[in-house]
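Before any comments, here is the structure.
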Amino acid sequence: MKINILKLIPKEWNMLDKGSKVEMFYKVKKGNQPKHFVFPKIIRVDGQFMEGLGLYLGDGDLNRKEKRHLNFTSIDKDIAKHALNFLQKYFLVK
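Residues 7 to 100 (my numbering) make up the sequence shown, in order.
The structure is reproduced here in structure tokens:
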């Protein structure tokens, strides 16, 4: 299964085609403008993707009212490293 990111971008957002990646951004009326962010155009949903999603659902921050940051916490360094690898591989997090 694959997720086509282009189908998920809201119409009022701006998009720059970067080949196999897409750079997205939007403008807010007040305050600081959010940074541009880059996603792959297609995300493959496989076993490793589901593992990473499970890690985030288990140890990620799901309680914040305004989601402007991604938070993940684990005291186990191997699990935290696995979660970071997931974000880097599937969502191009630096």
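The beta carbon of each residue, even a glycine, is placed where N, CA and C say it ideally should be. These numbers were taken from a predicted model, which means no experiment stands behind them.
If we count the other Cβ atoms within 10 Å of its Cβ and call it buried at 16 or more, is residue i buried or exposed?
i	result
Tyr96	buried
Gly58	buried
Phe45	buried
Leu98	exposed
Leu61	buried
Give the DSSP bridge partners of residue i, in chain order.
i	result
Asp23	Val28
Ile85	Bridge partners of Ile85: none, in fact.
Asn10	Ile48
Phe78	Gly66
Which class does residue i belong to by DSSP, given the choice of helix, strand or coil?
i	result
Ile15	coil
Asn91	helix
Can you check whether the C-beta of residue i is within less than 8 Å of a C-beta belonging to chain D?
i	result
Val28	In the structure shown, chain D does not exist; there is a single protein chain.
### Message
Pairs of beta-carbons, one from the region 52–61 and one from the region 16–28, closer than 8 Å: are there three or more?
### Response
The answer is no - the region 16–28 does not touch the region 52–61, with fewer than three Cβ pairs under 8 Å.
#### Entry: Complete alpha helix (DSSP H) runs within the region 34–68 (minimum length 4 residues, chain order)
The qualifying runs are 53–65.
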